[in-house]
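Read the structure below first, then the notes.
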Amino acid sequence: MQDLLIPSSPKKRVVIVGGGFGGINLVKKLHRKGFQIVLIDKNNYHTFQPLLYQVATGGLEADSIAYPLRKIFQGYADFVFRMANLESVNLTEKSICTNIGTISYDYLVIAAGSINNFFGMDNLAANAMPMKSLTEALDLRSLILQNVESSLTTLENNDKYLNFVVAGGGPTGVETAGALSELKKHVLPNDYPELNFKNARIILIESGSRLLAGMSESASSKAQLALEKWELKCF
Ligand SMILES: Cc1cc2nc3c(=O)[nH]c(=O)nc-3n(C[C@H](O)[C@H](O)[C@H](O)COP(=O)(O)OP(=O)(O)OC[C@H]3O[C@@H](n4cnc5c(N)ncnc54)[C@H](O)[C@@H]3O)c2cc1C
Numbered sequence: 012m013q014d015l016l017i018p019s020s021p022k023k024r025v026v027i028v029g030g031g032f033g034g035i036n037l038v039k040k041l042h043r044k045g046f047q048i049v050l051i052d053k054n055n056y057h058t059f060q061p062l063l064y065q066v067a068t069g070g071l072e073a074d075s076i077a078y079p080l081r082k083i084f085q086g087y088a089d090f091v092f093r094m095a096n097l098e099s100v101n102l103t104e105k106s107i108c109t110n111i112g113t114i115s116y117d118y119l120v121i122a123a124g125s126i127n128n129f130f131g132m133d134n135l136a137a138n139a140m141p142m143k144s145l146t147e148a149l150d151l152r153s154l155i156l157q158n159v160e161s162s163l164t165t166l167e168n169n170d171k172y173l174n175f176v177v178a179g180g181g182p183t184g185v186e187t188a189g190a191l192s193e194l195k196k197h198v199l200p201n202d203y204p205e206l207n208f209k210n211a212r213i214i215l216i217e218s219g220s221r222l223l224a225g226m227s228e229s230a231s232s233k234a235q236l237a238l239e240k241w242e243l244k245c246f
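If you count by this note's numbering, then the sequence shown holds residues 12 to 246, one letter each, in order.
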């Protein structure tokens, strides 16, 4: 198969779009199985999404949860990585169109993840800050810290900068709200001794009847008790 972007190979080519958990594991499974593997991702790193909340709340540096894809597959034979954004698929010609050009395939796997589900709440989509990528987590961290700085220099109603609302009481919402509470109790008071963080409010909103709905009822009530002990409001 001849292609300007990818070295030619007598082997059948599998193009995998997405270097998330799915794409990475598929590369590992197909390695040495007689294919040329081409992995493309719009970033040249893998994001460990379960710890995005730590980056958003300043507990971890971004580097700690971003792994260079080239490093993961160092030494892999018949493997090519290209940083590229998938734009369209031409099923007839068996090729994909990306921002760096066209790549042909024998087999195509799209493992490009999912998009945020706002459950039909347009207001949330328009006003909330999502947390699905490293850049979004860094934006959140930046906004949180900018708000704290603003609350220091605003004479009236500075509490409005210290209200945090987390939408969604699943595992990530609970973790994020908990991490914000730790920030409020243990980190920010040391960095901003002039501010009274007793006025800061962290509110966790869940539309269902309990937090962590996918887990046991006892886990839900323990999580809620723990959060409320930290003066966090759950609705
Ligand atoms: C905040 C958060 C916390 C989570 N916590 C947990 C947890 O604790 N436990 C758990 O089991 N799961 C957790 N998950 C879910 C888990 O991260 C996902 O199920 C998993 O990442 C899905 O893997 P994936 O490979 O399908 O997609 P992803 O990991 O999303 O990877 C998709 C890849 O495709 C790339 N991509 C997307 N579009 C394009 C394009 N057009 N062109 C090129 N590349 C593209 C992206 O850059 C990305 O690298 C969490 C998710 C989030 C967002």
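C-beta atoms are modelled at their ideal positions from N, C-alpha and C, and glycine is treated no differently.
Nothing here was measured: the structure is a model prediction, and the numbers come from that model.
Assigned secondary structure, residue i (DSSP; H/G/I helix, E/B strand, else coil)
| i | result |
| --- | --- |
| Ile-35 | helix |
| Gln-47 | strand |
| Ala-88 | coil |
| Ser-161 | helix |
| Asn-128 | coil |
Closest residue to residue i among the options (Cα-Cα distance)
| i | options | result |
| --- | --- | --- |
| Asn-174 | Leu-154, Gly-180, Val-100, Asn-134 | Leu-154 |
| Ile-214 | Asn-207, Gly-69, Glu-205, Trp-241 | Trp-241 |
| Phe-90 | Glu-98, Phe-32, Lys-40 | Lys-40 |
| Gly-179 | Lys-195, Gly-225, Val-198, Ser-162 | Gly-225 |
| Pro-18 | Tyr-118, Leu-149, Arg-93, Leu-238 | Arg-93 |
| Pro-204 | Gly-30, Gly-31, Val-159 | Val-159 |
| Thr-113 | Glu-193, Val-26, Gly-124 | Val-26 |
Backbone CA spacing between residue i and residue j [nearest angstrom]
| i | j | result |
| --- | --- | --- |
| Asn-134 | Met-140 | 11 Å |
| Ser-115 | Glu-104 | 8 Å |
| Leu-156 | Ala-137 | 21 Å |
| Asp-74 | Thr-146 | 12 Å |
| Thr-187 | Glu-217 | 13 Å |
| Glu-167 | Met-132 | 32 Å |
| Ile-51 | Val-28 | 5 Å |
| Ile-126 | His-197 | 33 Å |
| Ser-162 | Leu-206 | 8 Å |
| Arg-24 | Val-38 | 12 Å |
Residue i beta carbon near ligand 1 (any heavy atom closer than 7 Å)
| i | result |
| --- | --- |
| Pro-79 | no |
| Lys-233 | no |
| Tyr-247 | In the structure as shown, the chain starts at 12 and stops at 246, and residue 247 therefore has no counterpart that could be examined. |
| Met-140 | no |
| Val-66 | no |
| Ile-114 | no |
| Asp-133 | no |
| Phe-129 | no |
| His-42 | no |
For residue j and residue i, believed in contact at Cβ under 8 Å, the rounded distance
| i | j | result |
| --- | --- | --- |
| Pro-64 | Ala-190 | Reading off the sequence shown, one finds Tyr at residue 64, where the question assumed Pro. 6 Å between Cβ atoms; contact. |
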